[in-house]
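If you read the sequence shown in the working numbering, its first letter stands for residue 40, the second for the next number, and so on.
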Amino acid sequence: MQTSCEFPVAINLHCKTIDKKVLKWAWEAGLFESPAELERCRLQKINWFASYLFPEQDQANLELITKFFLCLFLLDDLLDILIDKTMVVFLEGLKTGNPSYNNIRLQSLGRNLLLQHQDIQKEYDFLGGSEQWNKAWLEYLAALQWEIQTKIDNSPPTLEKYRLYRPKTSGVYLAILLIRQGKDMHSCISELLECSIARYICLSNDLASYRKELAIGDTHNEILILMESMGNTAVSWTQSEVKELRKSILRLTEQLCTNFGTCDVWLRRLLLLAGGCEAWTAKTFRYQAHINGDLGRK
């Protein structure tokens with residue numbers, strides 16, 4: 040097992056091929072508002088996200104996952120721009136499988152997002168069946184509804200509420216479920232480990248993006264919430280927590296590997312997920328742009 044205080048990082052060999060293919064698919068599906076938005080996604084390496092998180096995935100499933108996460112990024116972008124009640128209704132439509140909106144592009148995004156969601160349900164061997172995936176999907180959409188409602192109400196989130204909803208709005212639990220493959224995983228699953236990794240990913244992302252969000256007045260960031268009471272020391276405080284989380288995650292994976300020898304593949308993929316998310320965040324220009332590279336945060 041990993042003994043240093045760093046997570047392993049790898050990138051899928053099919054990354055560049057899938058990136059080009061998915062960008063072409065998204066353009067033809069009407070998911071981009073303009074060629075400039077397509078180019079922004081290319082430069083920000085949005086489609087590389089899935090290749091960093093799932094470096095061992097085969098090409099066919101990587102394409103499916105990449106399409107799904109591209110749709111999530113684009114939805115997140117639009118939710119930062121279209122801040123009104125109609126978007127709460129649109130998200131409710133996604134939950135029921137019938138999204139409606141008087142915007143052709145958003146209609147196309149909703150339709151294609153549902154298609155990728157349904158294809159993943161069919162293709163993946165989820166523990167407990169597809170109900171587990173659907174539950175995480177519905178919680179993700181409900182959390183997005185909470186976030187946009189706070190923006191509509193101009194009501195900054197409390198730290199307690201933010202920590203509750205942030206892992207769900209990030210989509211990290213959806214990503215974690217995608218590596219829970221196989222029929223012999225029941226003894227391996229550690230809720231503590233998965234929750235710790237979700238916390239680590241979200242906190243690391245908030246550290247990477249808080250300056251941009253401060254500039255645009257978006258208070259949905261843990262560092263910015265902590266700054267209300269801690270001032271600039273919130274940054275070093277959070278950096279220390281991230282380091283401690285990394286150490287505790289590595290200790291826990293070593294314990295699980297020792298006690299459950301058949302879990303080594305699952306554990307390796309979890310660490311690659313965490314390391315890949317951190318590596319992609321460091322590589323992308325997404326969090327350096329003014330407003331989501333013109334549009335949003337995932």
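For every residue, glycine included, the Cβ atom is placed at its ideal position computed from N, Cα and C.
What does the Cβ neighbour count give for residue i, buried or exposed, with the cut at 16 atoms within 10 Å?
| i | result |
| --- | --- |
| ALA99 | exposed |
| PHE71 | buried |
| ASP119 | buried |
| GLY270 | exposed |
| GLN327 | exposed |
| SER90 | buried |
| ASN348 | For the chain, the structure presents residues 40 to 337; residue 348 sits outside this window and is missing. |
| THR197 | exposed |
| ASN137 | exposed |
| LYS286 | exposed |
| PHE324 | exposed |
Do you know how far the Cα of residue j is from the Cα of residue i?
| i | j | result |
| --- | --- | --- |
| TRP87 | TRP66 | 17 angstroms |
| LYS222 | LYS174 | In this prediction, LYS222 scores a pLDDT of 49, lower than 50, which makes its location untrustworthy; no coordinate-derived value is stated. |
| ASN193 | LEU82 | 32 angstroms |
| SER235 | SER209 | 14 angstroms |
| TYR163 | SER268 | 44 angstroms |
| HIS259 | SER229 | 28 angstroms |
| ALA181 | LEU306 | 29 angstroms |
| LEU311 | GLU293 | 15 angstroms |
| VAL61 | GLU76 | 14 angstroms |
| ASP97 | LYS282 | 32 angstroms |
| GLN160 | VAL274 | 39 angstroms |
| THR297 | ILE187 | 44 angstroms |
| ALA247 | PRO206 | 16 angstroms |
| CYS227 | THR301 | 8 angstroms |
| LEU289 | LEU111 | 29 angstroms |
| ALA68 | GLY256 | 32 angstroms |
| ASN142 | VAL304 | 44 angstroms |
| ALA237 | THR125 | 30 angstroms |
| CYS241 | ILE218 | 18 angstroms |
| SER73 | LEU109 | 16 angstroms |
| LEU379 | LEU92 | Because residue 379 is not part of the residues shown, which for the chain are 40 to 337, the question remains open. |
| ARG79 | ASP58 | 13 angstroms |
| PHE46 | ALA313 | 7 angstroms |
| LYS84 | VAL48 | 16 angstroms |
For residue i, which three-state DSSP category applies?
| i | result |
| --- | --- |
| GLY315 | helix |
| PHE46 | coil |
| GLY300 | helix |
| HIS259 | coil |
| CYS234 | helix |
| GLN83 | coil |
| LYS222 | In this prediction, LYS222 scores a pLDDT of 49, lower than 50, which makes its location untrustworthy; the coordinate-derived value is nonetheless stated afterwards. LYS222: coil per DSSP, three-state reduction. |
| PHE112 | helix |
| ASP97 | coil |
| ALA254 | helix |
| ILE228 | coil |
| GLU78 | helix |
| ASP119 | coil |
| SER279 | helix |
| PHE129 | helix |
| LEU70 | coil |
| PHE107 | helix |
| ASN141 | coil |
| PHE88 | helix |
| ASN244 | helix |
Kindly indicate if chain B contains any beta-carbon less than 8 angstroms away from that of residue i.
| i | result |
| --- | --- |
| ILE187 | In the structure shown, chain B cannot be found, because there is only a single protein chain. |
Those runs of the alpha helix (DSSP H) which lie wholly inside the stretch 146 to 217 and span at least 4 residues: 169 to 191, 198 to 209, 211 to 216
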